[in-house]
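Working notes, beginning with the structure itself.
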Amino acid sequence: MISLATETERTLFFDFLPLALGEIRGFKTRFHLYTVPGQVFYDASRKLILKGVDGIVFVADSQIERMEANIESIENLRLNLAEQGYNLDTVPLIIQYNKRDLPNIVPAEEMRKALNTRNVPDFEAVASEGTGVFDTLKAIAKLVIMQLKKGQEG
Ligand SMILES: Nc1nc2c(ncn2[C@@H]2O[C@H](COP(=O)(O)OP(=O)(O)OP(=O)(O)O)[C@@H](O)[C@H]2O)c(=O)[nH]1
Ligand SMILES: [Mg+2]
């Protein structure tokens, strides 16, 4: 993974992880995973990184006090996507409810109502322990491949 972070490990521009996932029906597959900075003022970076996006994992912080920030963040994602000609209602999307290990969390069902209005596949996770991370990755990879297949047939 290539990472550029501040002293307190906040992402400055993006993290980048290239992943070879073997062959799918004779085609070598290579995924490029990028993370965007979560802090509100890195808007320009987020926009740039969204250029050419094939699929998105939206990671929400499950803590009650982060719920407002989650909603603000998904609205920001919608705007930034729209500026690049993408639509949050149609782009391959997975939602992850992270930090499920903490005591002060919003029930998953409530998070779903607030953030997953499109009813896309979603996962509970404890990223710091690896729980739910691979499920999330597999799900977005599957959606992206399905989308590419559709494009080929269409
Ligand atoms: N308790 C708990 N802490 C977590 C979990 N996932 C991440 N963290 C912690 O949350 C903090 C932020 O994690 P990061 O991975 O830096 O978050 P980020 O989304 O990359 O944040 P930015 O790069 O600043 O936008 C770190 O201290 C992590 O250890 C989790 O599932 N449970
Ligand atoms: Mg980060």
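If you read the sequence shown in the numbering used here, its first letter stands for residue 1, the second for the next number, and so on. Using N, Cα and C, we set each Cβ at its ideal position, and we do this for glycine too.
Member of the options whose CA lies at the smallest distance from the CA of residue i
| i | options | result |
| --- | --- | --- |
| D122 | K113, S3, A5 and R25 | K113 |
| Q96 | F58, D54 and N76 | F58 |
| L79 | V144, L19 and R46 | R46 |
| I24 | F14, G151 and I145 | I145 |
| N35 | Y86, K51, N87 and L148 | First, the residue type needs correcting, since residue 35 is Thr and not Asn in the sequence shown. Among Y86, K51, N87 and L148, the Cα nearest to that of T35 belongs to K51. |
Distance between beta carbons of residue j and residue i, contact taken as under 8 Å
| i | j | result |
| --- | --- | --- |
| I94 | A127 | 14 Å between Cβ atoms; not a contact. |
| V91 | V53 | 7 Å |
| M111 | A69 | Wrong, their Cβ atoms sit about 13 Å apart, outside the cutoff. |
Within 9 Å, strictly: CB atoms of residue i and residue j
| i | j | result |
| --- | --- | --- |
| L77 | I49 | no |
| A141 | E124 | no |
| I2 | L17 | yes |
| K99 | S73 | no |
| I64 | N104 | yes |
Separation of residue j from residue i, as counted between CA atoms
| i | j | result |
| --- | --- | --- |
| D101 | T6 | 26 Å |
| V133 | E153 | 31 Å |
| N119 | G130 | 24 Å |
| T29 | M67 | 35 Å |
| L21 | H32 | 11 Å |
| E75 | D89 | 12 Å |
| A44 | F14 | 12 Å |
| G26 | L143 | 19 Å |
| N87 | L148 | 16 Å |
Exercise. Should the region 7-16 be called in touch with the region 39-55, which here means at least 3 C-beta pairs below 8 Å?
Worked result: yes
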